[in-house]
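Engineer: Sequential numbering of the sequence shown, starting at 722, is according to the numbering used here. Glycine is no exception: its CB is placed at the ideal position from the N, C-alpha and C atoms. Just so it is clear, the structure is predicted and the values come from calculations on it, not from any experiment.
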Amino acid sequence: GEFAAAVVAGVMTAEGALYLVAMRGRFMHAVPNSDGVMVAVRASEEQVKEAIGNVLGENKVRNFEVDCPCHSTPFENELCQPCDDDDVVVVVKEAQEICAVAAVNGPKSVVISGT
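1) Have a look at ASN775, PHE724, VAL728 and flag the residue whose alpha-carbon is nearest the alpha-carbon of ARG745.
2) Under the assumption that VAL728 contacts ALA735 (Cβ atoms under 8 Å), give the Cβ distance between them as a whole number of angstroms.
3) Could you tell me the alpha carbon to alpha carbon distance between HIS750 and ALA726, rounded to whole angstroms?
4) So, with DSSP's three-state summary, where would you put GLY731?
5) Do you know how far the Cα of ASN754 is from the Cα of ALA738?
6) Taking DSSP as the reference, what is the three-state secondary structure of GLY737?
7) According to DSSP, is GLY722 part of a helix, a strand, or is it coil?
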(Lines of atoms letter the chains of each structure in order from A and count residues from 1; the text may use other names and numbers.)
(Lines give C-alpha, C1' and ligand atoms only; values in the text may rest on other atoms or scores of the structure.)
Protein backbone atom coordinates (compact mmCIF):
# COMPACT_ATOMS: atom_id res chain seq x y z
CA GLY A 1 0.00 0.00 0.00
CA GLU A 2 2.78 2.45 0.81
CA PHE A 3 4.32 2.02 -2.66
CA ALA A 4 0.99 2.62 -4.39
CA ALA A 5 0.48 5.72 -2.25
CA ALA A 6 3.92 7.01 -3.24
CA VAL A 7 3.08 6.53 -6.93
CA VAL A 8 -0.27 8.29 -6.60
CA ALA A 9 1.40 11.14 -4.70
CA GLY A 10 3.92 11.51 -7.51
CA VAL A 11 6.90 10.68 -5.30
CA MET A 12 7.99 7.78 -7.54
CA THR A 13 7.10 6.20 -10.84
CA ALA A 14 5.11 2.99 -11.16
CA GLU A 15 8.22 1.32 -12.59
CA GLY A 16 10.27 2.43 -9.59
CA ALA A 17 7.62 1.11 -7.20
CA LEU A 18 7.52 -2.26 -8.99
CA TYR A 19 11.30 -2.50 -8.78
CA LEU A 20 11.25 -1.78 -5.03
CA VAL A 21 8.44 -4.27 -4.43
CA ALA A 22 10.39 -6.96 -6.30
CA MET A 23 13.59 -6.20 -4.38
CA ARG A 24 11.73 -6.21 -1.06
CA GLY A 25 10.26 -9.62 -1.94
CA ARG A 26 13.72 -10.99 -2.78
CA PHE A 27 15.18 -9.71 0.48
CA MET A 28 12.29 -11.07 2.53
CA HIS A 29 12.60 -14.45 0.82
CA ALA A 30 16.35 -14.52 1.51
CA VAL A 31 15.88 -14.19 5.28
CA PRO A 32 16.17 -17.62 6.92
CA ASN A 33 13.09 -19.03 8.60
CA SER A 34 13.03 -18.63 12.36
CA ASP A 35 10.69 -19.21 15.25
CA GLY A 36 10.29 -15.50 15.90
CA VAL A 37 7.15 -13.47 15.46
CA MET A 38 6.34 -9.80 15.08
CA VAL A 39 3.10 -8.28 16.26
CA ALA A 40 2.10 -4.69 15.57
CA VAL A 41 -0.02 -3.40 18.44
CA ARG A 42 -1.96 -0.16 18.78
CA ALA A 43 -1.16 0.45 22.45
CA SER A 44 1.47 2.13 24.58
CA GLU A 45 4.55 0.20 25.70
CA GLU A 46 3.17 0.07 29.24
CA GLN A 47 -0.18 -1.31 28.03
CA VAL A 48 1.56 -3.96 25.93
CA LYS A 49 3.75 -5.13 28.81
CA GLU A 50 0.75 -5.21 31.15
CA ALA A 51 -1.25 -7.29 28.65
CA ILE A 52 1.60 -9.77 28.20
CA GLY A 53 1.98 -10.03 31.98
CA ASN A 54 -1.75 -10.61 32.46
CA VAL A 55 -1.92 -13.34 29.83
CA LEU A 56 1.45 -15.06 29.97
CA GLY A 57 2.67 -14.22 33.47
CA GLU A 58 4.95 -11.48 34.74
CA ASN A 59 8.14 -13.48 34.08
CA LYS A 60 7.34 -13.53 30.33
CA VAL A 61 7.27 -9.72 30.15
CA ARG A 62 11.03 -9.56 30.64
CA ASN A 63 11.48 -11.97 27.71
CA PHE A 64 9.69 -9.69 25.24
CA GLU A 65 11.46 -6.86 23.49
CA VAL A 66 9.12 -3.94 22.88
CA ASP A 67 10.49 -1.96 19.98
CA CYS A 68 9.07 1.08 18.21
CA PRO A 69 10.95 1.34 14.91
CA CYS A 70 8.09 3.11 13.16
CA HIS A 71 6.14 5.67 15.16
CA SER A 72 3.00 6.56 13.25
CA THR A 73 1.44 7.48 16.59
CA PRO A 74 2.63 7.28 20.21
CA PHE A 75 0.39 4.23 20.62
CA GLU A 76 1.79 1.95 17.92
CA ASN A 77 4.44 -0.55 18.97
CA GLU A 78 5.97 -3.68 17.53
CA LEU A 79 6.90 -6.73 19.55
CA CYS A 80 9.80 -8.82 18.30
CA GLN A 81 10.36 -12.05 20.17
CA PRO A 82 11.20 -15.67 19.42
CA CYS A 83 8.21 -17.53 20.83
CA ASP A 84 5.68 -20.07 19.74
CA ASP A 85 2.48 -19.20 17.93
CA ASP A 86 0.42 -20.26 20.94
CA ASP A 87 1.70 -17.28 22.95
CA VAL A 88 0.59 -14.88 20.23
CA VAL A 89 -2.78 -16.62 19.91
CA VAL A 90 -3.35 -16.31 23.67
CA VAL A 91 -2.61 -12.58 23.59
CA VAL A 92 -4.87 -12.11 20.56
CA LYS A 93 -7.75 -14.09 22.08
CA GLU A 94 -7.49 -12.13 25.32
CA ALA A 95 -7.90 -8.85 23.42
CA GLN A 96 -10.34 -10.04 20.74
CA GLU A 97 -13.15 -7.69 21.72
CA ILE A 98 -11.03 -4.63 20.86
CA CYS A 99 -8.70 -6.03 18.19
CA ALA A 100 -8.80 -7.19 14.60
CA VAL A 101 -6.26 -9.75 13.38
CA ALA A 102 -4.93 -10.17 9.85
CA ALA A 103 -2.10 -12.23 8.36
CA VAL A 104 0.50 -10.00 6.73
CA ASN A 105 3.51 -11.06 4.63
CA GLY A 106 2.92 -14.73 5.37
CA PRO A 107 1.49 -17.11 7.93
CA LYS A 108 4.02 -16.20 10.66
CA SER A 109 3.36 -12.45 10.49
CA VAL A 110 0.43 -11.08 12.45
CA VAL A 111 -0.87 -7.56 12.84
CA ILE A 112 -3.14 -6.69 15.74
CA SER A 113 -4.91 -3.37 15.31
CA GLY A 114 -7.28 -1.66 17.71
CA THR A 115 -10.79 -0.79 16.67
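Structural biologist: From the atom records:
1) PHE724
2) 5 Å
3) 24 Å
4) coil
5) 26 Å
6) helix
7) coil
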